[in-house]
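So that you can map any letter, position 211 of the sequence shown is 515 in the working numbering, and since no number is skipped, the others follow by simple counting.
Ideal Cβ positions, reconstructed from N, Cα and C, are used throughout, including at glycine.
From a predicted model like this one, the values you see are computed outputs, not experimental measurements.
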Amino acid sequence: MPELPEVETVRLQLLRKVIGKTIDSVEVFHNKTVAHDEVIEEKLRDKTIADIDRVGKLMIFCFESEDDLFLLAHLKMTGQFFYVGADTEVTGGGHSMTAADMDLPMKHTRVAFHFTDHTTLYFNDMRLFGYTKVVNRSEMEQAKAGFGPEPISDNFDCEWFADRLRKRKTPVKAALLDQSFIAGLGNIYVDEALWRAGVRPTRRADRVTKKEAAALCAAAGDVMKESIAVGGTTFQHFKDTGGENGNFTDYLKVFGQHGTKCPRCGGTIKKIRCAGRGTHYCPGCQK
Ligand SMILES: [Zn+2]
Numbered sequence: 305m306p307e308l309p310e311v312e313t314v315r316l317q318l319l320r321k322v323i324g325k326t327i328d329s330v331e332v333f334h335n336k337t338v339a340h341d342e343v344i345e346e347k348l349r350d351k352t353i354a355d356i357d358r359v360g361k362l363m364i365f366c367f368e369s370e371d372d373l374f375l376l377a378h379l380k381m382t383g384q385f386f387y388v389g390a391d392t393e394v395t396g397g398g399h400s401m402t403a404a405d406m407d408l409p410m411k412h413t414r415v416a417f418h419f420t421d422h423t424t425l426y427f428n429d430m431r432l433f434g435y436t437k438v439v440n441r442s443e444m445e446q447a448k449a450g451f452g453p454e455p456i457s458d459n460f461d462c463e464w465f466a467d468r469l470r471k472r473k474t475p476v477k478a479a480l481l482d483q484s485f486i487a488g489l490g491n492i493y494v495d496e497a498l499w500r501a502g503v504r505p506t507r508r509a510d511r512v513t514k515k516e517a518a519a520l521c522a523a524a525g526d527v528m529k530e531s532i533a534v535g536g537t538t539f540q541h542f543k544d545t546g547g548e549n550g551n552f553t554d555y556l557k558v559f560g561q562h563g564t565k566c567p568r569c570g571g572t573i574k575k576i577r578c579a580g581r582g583t584h585y586c587p588g589c590q591k
């Protein structure tokens, strides 16, 4: 599943390709992907993409001179965006792909946005959990309201974070995964951030000290910024929009490293279940 750094990587690459492009037609291959909107083409025809915003893993397409029209896009488990340029060069990302995926449209293509310059943005989604959905401003704001602040944001308030963490009685890992509390940290990054901060995932959130919360705050931002800088992690489900593997996997210290030695203390990395997720930590140096 693409996590935030992968979604951000896709967003940044698509930004370079589709800003200023005007939609000519919308070809819907599967109605579920567009929330059964039968007039999606009518709504989007002649609209020019002004920006792609993002909150958590939700991408928000904004249009020139349109204050009340947005396209929400979520890759969920297996979504992919592919942009096919005039020179038939393919730029895409999300779920992992093979050469066959790039012969577009393909069997998992759910919607195609054709631009007036004869280029196209395709949305593929094997499992059909993802979507590209036209909404008005209040629906867009409602969708955004479900997300807390992001640790990678420059104005993320670490004191607020520490304060709110102290009010939670769940394992700290569960708190960090709660997107309505803080947005953007997925399973991999939570494990990595907790390792960096030396905090055990199973610790009750209200027992994390102020100093540890500050370390966690910094670690959460850093680990995601570092991942975005190298294009995200690549497991079976992600390629960035240039069709290249992200390679943050090489930098992971605990995630997927169970049975290996902790690079900090030499202890053996353990895998358990916590907050319903496979969880990796070092019993030696995470208290
Ligand atoms: Zn350790």
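Quick one: residues in its chain with C-beta nearer than 6 Å to the C-beta of residue i, no 5 flanking neighbours on either side, listed in chain order?
i	result
residue 433	380, 381
residue 487	360, 451, 452, 454
residue 309	528, 531, 532, 536
Output needed for residue i: all residues of its chain with C-beta closer than 8 Å, excluding positions within five of it in sequence on either side, in chain order.
i	result
residue 349	327, 328, 329, 330
residue 565	571, 572, 573
residue 448	359, 362, 364
Taking the DSSP output, what are the residues bridged to residue i?
i	result
residue 331	416
residue 439	374
residue 585	574
residue 326	352
residue 475	508
Alpha carbon to alpha carbon, what distance is there between residue j and residue i?
i	j	result
residue 444	residue 507	35 Å
residue 306	residue 351	28 Å
residue 334	residue 414	5 Å
residue 313	residue 469	29 Å
residue 461	residue 407	45 Å
residue 480	residue 590	16 Å
residue 561	residue 467	32 Å
residue 356	residue 387	14 Å
residue 579	residue 476	9 Å
residue 456	residue 395	25 Å
Quick check on residue i: buried or exposed, where buried means 16 or more other Cβ atoms within 10 Å of its Cβ?
i	result
residue 446	exposed
residue 319	exposed
residue 426	buried
residue 463	exposed
Who are the Cβ neighbours of residue i in its own chain at under 7 Å, not counting the five residues just before and after it?
i	result
residue 412	428, 429, 430
residue 558	495, 496, 499, 573, 584, 585, 586
residue 247	This structure cannot speak to residue 247, because the chain is shown only from 305 to 591.
Give, in chain order, every unbroken run of the beta strand (DSSP E) that is at least 3 residues long and sits entirely within the segment 405-432.
Counting whole runs of 3 or more residues, the segment 405-432 contains the beta strand (DSSP E) stretches 413-419, 424-429.
Return the chain-ordered ranges of every beta strand (DSSP E) run that is complete within the segment 352-407 and spans a minimum of 3 residues.
353-359, 362-367, 374-378, 383-388, 394-398
Residue ranges of each beta strand (DSSP E) run of no fewer than 3 residues wholly in the segment 495-581, ordered along the chain?
574-578
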